[in-house]
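Numbering (the UniProt record's numbering), first residue to last: 1 to 332. Encoded as structure tokens, the structure appears first; notes follow it.
Here it is, written out as structure tokens:
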């Protein structure tokens with residue numbers, strides 16, 4: 001009897017082990033492969049369903065998480081894709097059927113998209129170690145370092161990107177912007193000139209070239225740059241404000257006013273710094289022309305959004321007497 005029981009126990013254990021082995025090494029991988037196959041056939045929703053089933057069966061199946069993430073990405077569901085790719089990163093991809101470079105490139109872009117810049121930077125540093133001659137990684141790392149207010153490291157990485165691929169305008173532009181902000185006018189000028197030669201129609205380059213000229217008080221050089229950048233909707237408001245400011249510095253108020261009036265018409269967000277400065281400079285121009293009622297109208301708009309903006313509160317008090325008398329009830 002004892003021998004029979006022992007044989008039964010051995011058989012049960014053996015069958016259980018065999019079932020586990022088959023599931024772990026054949027059935028589950030097939031589920032993950034099935035999801036990948038469906039994705040390759042552009043059957044995205046079916047791939048997501050298969051991927052979910054594979055992950056539910058084995059939450060530690062790295063390839064299942066990876067294929068599910070790819071499926072979500074194909075369905076424009078970036079947040080869910082990032083969640084799965086985070087699982088892949090946590091579980092590890094060594095020895096798995098996952099292309100490391102492609103995976104790290106993809107997850108880095110998703111980290112940036114969902115404002116996890118620190119994690120994105122870590123991925124680009126790893127990619128640089130893996131492919132040290134790829135300029136794109138240095139460019140992306142440089143921009144991320146700049147966002148962390150590490151202009152010193154950003155400069156190093158952007159210069160490295162330029163040294164590897166001197167025909168890409170993007171790192172020149174980003175480096176030029178950093179140099180402009182750091183008041184390194186001469187170096188910024190040379191860097192942005194190089195960017196402009198490579199991409200002569202880029203409004204952002206023209207805008208920052210204008211900033212370089214303006215900082216050097218070369219208003220004649222700055223104004224054509226701002227005129228070109230103002231043709232682009234993204235840079236229209238900022239460019240018109242800068243143009244108006246140049247004319248104000250030249251004491252050409254009659255030319256400053258039309259630029260700043262155009263800037264005010266281009267405002268979309270009243271609370272943005274560019275909007276506030278557009279109205280402030282326009283108000284100053286109206287003051288110079290002794291159009292105090294028009295100046296007050298601009299300062300009122302600013303005060304409604306930001307009471308502490310420069311000396312707007314003082315100006316409103318100073319010119320209070322020039323307010324137009326409100327029409328009384330019954331008056332024409």
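Ideal Cβ positions, reconstructed from N, Cα and C, are used throughout, including at glycine.
Tell whether a beta-carbon distance below 8 Å holds between residue i and residue j.
i, j, result
"residue 235", "residue 203", "yes"
"residue 132", "residue 168", "no"
"residue 93", "residue 85", "no"
"residue 295", "residue 287", "yes"
"residue 253", "residue 225", "no"
"residue 239", "residue 281", "no"
"residue 157", "residue 142", "yes"
"residue 123", "residue 107", "yes"
"residue 298", "residue 283", "yes"
"residue 189", "residue 212", "yes"
"residue 182", "residue 151", "yes"
"residue 362", "residue 81", "Any answer about residue 362 is impossible in this case: the structure gives the chain only from 1 up to 332."
"residue 161", "residue 139", "yes"
"residue 127", "residue 114", "no"
"residue 55", "residue 69", "no"
"residue 247", "residue 259", "yes"
Please classify residue i as buried or exposed, where buried requires at least 16 other C-beta atoms within 10 Å of its C-beta.
i, result
"residue 73", "buried"
"residue 304", "exposed"
"residue 214", "buried"
"residue 301", "buried"
"residue 201", "exposed"
"residue 223", "buried"
"residue 228", "buried"
"residue 179", "buried"
"residue 191", "buried"
"residue 22", "Bear in mind that a pLDDT of 40 at residue 22, under 50, signals an unreliable position, so the number given afterwards is only what the model happens to contain. Exposed, because fewer than 16 other Cβ atoms sit within 10 Å of the Cβ of residue 22."
"residue 311", "exposed"
Grouping DSSP H, G and I as helix and E and B as strand, with all else coil, what is residue i?
i, result
"residue 49", "helix"
"residue 308", "coil"
"residue 131", "coil"
"residue 115", "coil"
"residue 238", "helix"
"residue 319", "coil"
"residue 92", "coil"
"residue 176", "helix"
"residue 216", "coil"
"residue 146", "helix"
"residue 98", "coil"
"residue 167", "coil"
"residue 77", "coil"
"residue 186", "helix"
"residue 202", "coil"
"residue 313", "helix"
"residue 60", "coil"
"residue 26", "Caution applies to residue 26, whose pLDDT of 47 falls short of 50 and renders its modelled position unreliable; the value that the coordinates give is listed next. If DSSP states are grouped into helix, strand and coil, residue 26 belongs with the helices."
"residue 229", "helix"
"residue 291", "coil"
"residue 43", "coil"
Between residue i and residue j, how many whole angstroms is the CB-CB distance? I'm expecting something under 8 Å.
i, j, result
"residue 315", "residue 271", "With a Cβ gap of about 19 Å, residue 315 and residue 271 do not count as contacting."
"residue 96", "residue 62", "5 Å"
"residue 195", "residue 237", "Between residue 237 and residue 195 the Cβ distance is about 22 Å, and since that is not below 8 Å, they are no contact."
"residue 51", "residue 67", "5 Å"
Does residue i get closer than 8 Å to chain B when you measure Cβ to Cβ?
i, result
"residue 286", "This model lacks chain B altogether, as it is built from one protein chain only."
Which runs of the alpha helix (DSSP H) at least 4 residues long sit entirely within the region 250 to 289? Give them in chain order.
253 to 265, 273 to 288
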